[in-house]
Every structure is written in structure tokens, then in C-alpha cells.
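305 is the number that numbering that gives the first Met the number 0 gives to position 306 of the sequence shown; each next residue is one higher, with no gaps. Glycine included, C-beta positions come from ideal geometry on N, C-alpha and C. In this text, all values refer to a predicted model and were calculated from it rather than measured experimentally. Here's the structure we're looking at; comments come further down.
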Amino acid sequence: MPFFYNYEKDIKACLEKAGAEVFLFDTNLHAHSLFNKLLMFYTKKLRDRLVLNYYEKIMAGVPEDVDTVFVIKGQWMTDEVLRRLRERFGKADFRIYQWDSIATFPDQERINPHFDRIFTFDPVDSENRKWLYRPLFFKKEECVSSDDKRYDLIFLCSMHTRRMQVLIALKKLAEEYGKTIFGYIYVPKLQYIKEAVLKRNPLYRGASESLHFDSLSMDKTNDIYNHTRCFVDYTFPQQNGLSMRTIESVGHRCKLITNNRHVMDTDFYDPANVYIYDPDNFFIPKEFIEEPYKEINEAVYERYSLEGFLKDILLG
Numbered sequence: 000m001p002f003f004y005n006y007e008k009d010i011k012a013c014l015e016k017a018g019a020e021v022f023l024f025d026t027n028l029h030a031h032s033l034f035n036k037l038l039m040f041y042t043k044k045l046r047d048r049l050v051l052n053y054y055e056k057i058m059a060g061v062p063e064d065v066d067t068v069f070v071i072k073g074q075w076m077t078d079e080v081l082r083r084l085r086e087r088f089g090k091a092d093f094r095i096y097q098w099d100s101i102a103t104f105p106d107q108e109r110i111n112p113h114f115d116r117i118f119t120f121d122p123v124d125s126e127n128r129k130w131l132y133r134p135l136f137f138k139k140e141e142c143v144s145s146d147d148k149r150y151d152l153i154f155l156c157s158m159h160t161r162r163m164q165v166l167i168a169l170k171k172l173a174e175e176y177g178k179t180i181f182g183y184i185y186v187p188k189l190q191y192i193k194e195a196v197l198k199r200n201p202l203y204r205g206a207s208e209s210l211h212f213d214s215l216s217m218d219k220t221n222d223i224y225n226h227t228r229c230f231v232d233y234t235f236p237q238q239n240g241l242s243m244r245t246i247e248s249v250g251h252r253c254k255l256i257t258n259n260r261h262v263m264d265t266d267f268y269d270p271a272n273v274y275i276y277d278p279d280n281f282f283i284p285k286e287f288i289e290e291p292y293k294e295i296n297e298a299v300y301e302r303y304s305l306e307g308f309l310k311d312i313l314l315g
């Protein structure tokens, strides 16, 4: 799987806690060295050879009798690599999870057929391709909800013009309602110089106090989550899958304000806890923010935890 925000360590620890022996490897080859960072610029023949060599070294250190090969995303995995994995681990059950949609990661249409069971976070891809639908997860140990709600609304994200527009509208609404808001948008320095300094993009002025050159640490992020009433989420039109922020709102027992209508098809959806907004006509009812969170069924809550995620993927 790609090593990302320490999710790989959490997944490994969760499986080991359940009694499994786990061999964990990073599929993000380009993250390992400057040489590998240039992978996308190599000829296909050279790139495929480097990828195969990488996986052959991995396979040599793993017993042949493993019972499950579980891959997340599988970027850079060539058909030859997948064939060799099948040869090496002939008795294993092969499972893959895609946390990107086909629109974002189209190469999965080549990769996924090599697996016995295919899971996706995208409900439309699931329906169209007959893959198994499974949303993302939250980590229970990070979800320590507090009665001390410092923020009525939070909006945390990386830089995009549409997100800035949502944040500016959200700040205006919060001021009108007399509500507290925490906005944090990560923007690369070069992008800021280009847009805010050289082009004088007015959006950057409107959201300037929420722009930061460093990402929030996970500890700081979770502290904010645990003292928040409502998460605000923006999903791009081409994305149908529920964002990590959406699932984390379940874990932290916070209300969710999102533009992704697919959340209405989930078993945790309750209009008392989830409000669907229109980015082109931004509005949130004041009473939605003020009314208390409505507890969801505990079995539903558990299903969206990391433990529930792995149970669905590996035992389903």
C-alpha cells in the first residue's frame, strides 16, 4: 500500500492485534529516493524493469504460504509484477482496495481484474463495474469527543480555488450567525507567490488569514476535531466517494456539512447530523449548527472504524 499519513502503520498494528503476521511494503516507489522520484520520466521499458526488481526483492523476503495478499491502490504495479505475485503466492487470496475513483486513477481498470475481490470507496464505480463498495475509515483511538466545543464550524483542506470560495462564504455565514470558525488551507509557497503576489488573485486576500505553508500535524488536527460541532467538507464534482473527513465526522461524533449527496445513501445518514449544501448557492440553517448531535447506532459506528474496515475487506 502507499505509505500515507501513517495509515499503513495503523493498519499493520490493527491486524497484528487481531493475531495476524503482517508483511508491509510501500507501493509508492517514487517516495524512496531521488532516483525513484524520476520514475515517471523513464522509458516504459526501464520503468517496468525497476518496478519488477523492487517487487522481486519484496517477494524474496515473504513466505510463499501467506494466505492473503492485500493491496491498496497498486500504483506502478505492472501486469508482470501481478503475474509474478500470483506465481509466488499461488494459494493466497488476492484482494485490492481503491481509495481513488476511476476518474482520478484510471489505471485501476487494468490492475483490478488481477484480484479475487475488488473493493472501492466510490459508489458509482462500484455500481458500474460490479465491484464491492466500502467507504473509508476512522481510527477510534483518535476520537475523544469533548463537551468543550471551541469551534462551531471547521474547514480544513489543501489549496483549491473552489475550496477558497466555500471558506469565504462559510466565514461570512459564521459572522452573520455569531458562530466560531476555524479555517485552515494548506498552500505551497510557490503557488502562493504565483497567485497572491504576481496575479493578485482576490480570493487569496479574502481567505488570507486561513492560508498556511505547512500542513496541520495529525495531533493538532485531532485536537481540533475533538472540540468541534460541525465538519465542513467540499467534494469535487468528479468524486463520488465519501472523503476521509466525512468518515472522521462519524468517528468524532460531529455533524457534517457537505456537498456530496452520496452520503444520503449511507447507513449513518440522518438529516439531524448531515446537511447537504449547494456550493453555488451557499447556505446552512442556523438551527442545524445549534441543535445537538444525534447519536447513531453503535454497530453502524463500529463499521466505519478501522477495525470494521479491515473486517469487511479481509473477511467479507
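In three-state DSSP terms, what is residue i?
i, result
"residue 176", "helix"
"residue 154", "strand"
"residue 82", "helix"
"residue 220", "helix"
"residue 131", "strand"
"residue 96", "strand"
"residue 57", "helix"
"residue 159", "coil"
"residue 70", "strand"
"residue 118", "strand"
"residue 287", "helix"
"residue 7", "helix"
"residue 23", "coil"
"residue 52", "helix"
"residue 87", "helix"
"residue 62", "coil"
"residue 199", "coil"
"residue 111", "helix"
"residue 294", "coil"
"residue 143", "coil"
"residue 124", "helix"
"residue 102", "coil"
"residue 17", "coil"
Run through the DSSP bridge pairs and tell me what residue i is partnered with.
i, result
"residue 43", "Partner(s): none; residue 43 has no beta bridge."
"residue 308", "For residue 308, which the question treats as bridged, DSSP gives no partner whatsoever."
"residue 182", "154"
"residue 192", "Looking at the DSSP assignment, residue 192 forms no beta bridge with any residue, so it has no partner."
"residue 211", "185"
"residue 227", "150"
"residue 137", "304"
I'd like to know if residue i contacts chain C, where contact means its C-beta is closer than 8 Å to some C-beta of that chain.
i, result
"residue 14", "Going by chain labels, chain C is absent from the structure shown, which holds only one protein chain."
So residue i packs on residue j, CB below 8 Å; how close in whole Å?
i, j, result
"residue 233", "residue 278", "7 Å"
"residue 72", "residue 99", "7 Å"
"residue 183", "residue 209", "6 Å"
"residue 14", "residue 309", "6 Å"
"residue 178", "residue 147", "The Cβ separation is near 16 Å, so there is no contact."
"residue 96", "residue 312", "6 Å"
"residue 154", "residue 231", "4 Å"
"residue 118", "residue 304", "At roughly 16 Å, the Cβ-Cβ gap does not stay under 8 Å, so residue 118 and residue 304 are not in contact."
"residue 229", "residue 193", "Not really, about 33 Å apart at Cβ, beyond 8 Å."
"residue 149", "residue 251", "Actually they do not touch by this definition, with Cβ atoms about 13 Å apart."
"residue 185", "residue 216", "Their Cβ separation, rounded to whole angstroms, is 12 Å, which puts residue 185 and residue 216 out of contact at 8 Å."
Validate contact between the region 154-174 and the region 125-139 using beta carbons, cut 8 Å, 3 pairs: no
- prompt: Do three or more CB pairs link the region 46-57 to the region 67-81 at distances below 8 Å?
  reply: yes
message: Restricting to runs no shorter than 3 residues, where is the beta strand (DSSP E) found entirely within the region 229-285?
response: 254-257 and 273-275
query: Given 8 Å as the limit, is there contact between the region 57-70 and the region 90-109, that is, 3 or more CB pairs closer than that?
result: yes
- prompt: Does the pairing of the region 113-127 with the region 274-294 give three or more beta-carbon distances under 8 Å?
  reply: no
- request: Check whether the region 280-287 touches the region 210-227, taking contact to mean three or more Cβ pairs, one atom from each stretch, closer than 8 Å.
  value: no
query: Is the number of C-beta pairs between the region 233-248 and the region 256-265 that are closer than 8 Å three or more?
result: yes
query: Any contact of the region 163-179 with the region 137-147, i.e. 3+ C-beta pairs under 8 Å?
result: no
message: Could you check whether the region 102-119 touches the region 262-281, counting it as contact only if at least three pairs of C-beta atoms, one from each stretch, sit closer than 8 Å?
response: no
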